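Numbering-wise (this note's numbering), the sequence shown opens with residue 6 and increments by one.
Contents: one structure, followed by commentary.
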Amino acid sequence: MDVALIGSSGHTGYVTNEMDHPAVDIVGVAPGSAGEDVSDLYGQVSDRDASVALYESAGELLEEEQPDVSAISCQFADLAPVSEQALEMGVDVFTEKPLATTLTDLERLRDAYEESDAELVGMFGIRYDPWFYTAHRRIEEGAIGDVRLLYGQKSYRLGSRPEFYRSRETYGGTIPWVGIHAIDWINWVTDAEFESVHAQHSRRQNRDHGDLETSGVVTLELSDEVLATVSVDYYRPDTAPTHGDDQLRVVGTDGVIVVRDEELYLINDGHEGERRLQQQDGGSIFPDFLSMLAGESDCLITAEESFRATEVSLKARDAADKRRTLEL
């Protein structure tokens, strides 16, 4: 499939790591935001294929190449408009998350998706990590009974972030950028529906990163009184062994399953004590998306799940801004 790379501000590796995949043919690279520097991305691609073209804008690339798939990873406030443009041209969309940084843009994008024959999924690639993939499988198989309580954690090193992270208008907020993953895990491992959200966030000690929030907590009420919390922060020390510290704890009526340090643990009535579980290979998100487009299989992440995680994360950010609970 002909693939257009638009933007270099997010997880472009989901695509560039698959350049040897037989279904991937990258035909062009372009910025998706004003002033976005895609030279490193273009160099990475053109070193492997000198015929790949560099364009000045997403619109020019889409018009000239008419690709099958657009991989959109520009600055976050521009994700929705560029994705909308691609959908209107009938081009399938593999987009960075959050899908939009405002609820208005999200609704416009949803309308464009529903009016288009093209497909869309967000870059929720963490689902494919073996520890999360296996956790989902074991919960689905009934290892902990009915899910009643969930906790998700996202903790990152701050380092020095690009300039667009320093403005709410271009960044969108830490809950939508970071916390959205944990919100997606919650949506993924339980059939309960989100009903309300309360949240708090803080910009304190953000090392001169402007509007960027360095910590946040989200409390979610789901149907059947299932409860969930999410914590996000940029306080992970620079000396930490990894850039991120992802954790998930899911409590069920018959046991508890925990993801921590890229391992998976289960406590239930079937065995004494805590057991470390063998992990299953979850595959990779971009080949999975391409297989879905080819009609070969379903994708582990759907358009509806991508829209829902974005909607909930944006409302969580707004709940933190307004310091009140919002209905979902």
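Think of the CB as a built atom: it goes at the ideal place given N, C-alpha and C, for glycine as much as any other residue.
Computed from a prediction, not measured in an experiment: that's the story for all the values here.
Nearest neighbour of SER228 by Cα position, chosen from VAL202, LYS320, SER236 and HIS248, turns out to be VAL202. A direct Cα-to-Cα measurement between VAL255 and VAL152 gives close to 7 Å. Around the C-beta of HIS206, 16 or more other C-beta atoms lie within 10 Å, and the residue is accordingly described as buried.
Around the beta-carbon of THR258, fewer than 16 other beta-carbon atoms lie within 10 Å, marking it exposed.
The beta carbon of HIS26 sits closer than 7 Å to the beta carbons of PRO292 from its chain, once the five residues preceding and following it are set aside; these are given in chain order.
Excluding residues up to 5 positions away in sequence, LEU92, LEU125 and ALA308 lie with their Cβ nearer than 7 Å to the Cβ of TYR118 in the same chain. Residue range 220–227 is occupied by the beta strand (DSSP E) that includes THR224, with no alpha helix (DSSP H) assigned at that position.
Contact annotation: ALA58 and LEU154 have beta-carbon atoms that are not nearer than 9 Å. Boundaries of the alpha helix (DSSP H) around ARG313: 308–327. Restricted to the stretch 193–259, the beta strand (DSSP E) segments that are unbroken, complete and at least 3 residues in length are 199–207, 220–227, 232–238 and 249–257, listed in chain order. In this structure, DSSP gives ASP189 a helical state, which the three-state scheme calls helix. A Cβ-Cβ contact shorter than 9 Å links ASP238 with GLY221. Your pair SER75 and LEU84 does not check out as a contact, with CB atoms roughly 11 Å apart and the cut at 8 Å.
Contact between the stretch 305–319 and the stretch 104–117 is present: three or more C-beta pairs spanning the two stretches fall below 8 Å. Per DSSP, the continuous beta strand (DSSP E) segment holding ILE11 begins and ends at 7–11. In the DSSP annotation of this structure, ARG171 is not part of any alpha helix (DSSP H), being labelled neither H nor E.
Cβ neighbours of GLY164 within its own chain (closer than 8 Å, five residues either side excluded): ASP243.
Residues of the same chain with a CB within less than 8 Å of the CB of LEU295, apart from the 5 flanking positions on each side, are MET6, HIS26, ALA28, VAL29 and VAL74 in chain order. Of the candidates ASP134, LYS320, ASP216 and VAL87, VAL87 places its Cα closest to the Cα of VAL96. Annotation for ALA117: the continuous alpha helix (DSSP H) segment containing it runs 108–120.
When secondary structure is reduced to three states using DSSP, GLY130 falls in the helix class.
For VAL98, the enclosing beta strand (DSSP E) has its first and last residue at 97–100.
Of all alpha-carbon atoms in ARG142, ARG208, VAL183 and SER62, the one lying nearest the alpha-carbon of HIS16 is that of VAL183. Within the stretch 54–101, the complete beta strand (DSSP E) runs of at least 3 residues fall at 74–77 and 97–100. A residue is called buried when at least 16 other Cβ atoms come within 10 angstroms of its Cβ; PRO103 meets this threshold and is buried. Beyond the five residues adjoining it in sequence on each side, VAL317 comes within less than 7 Å, by CB distance, of ILE188, PHE199, VAL202 and LEU333 in the same chain, given in chain order.
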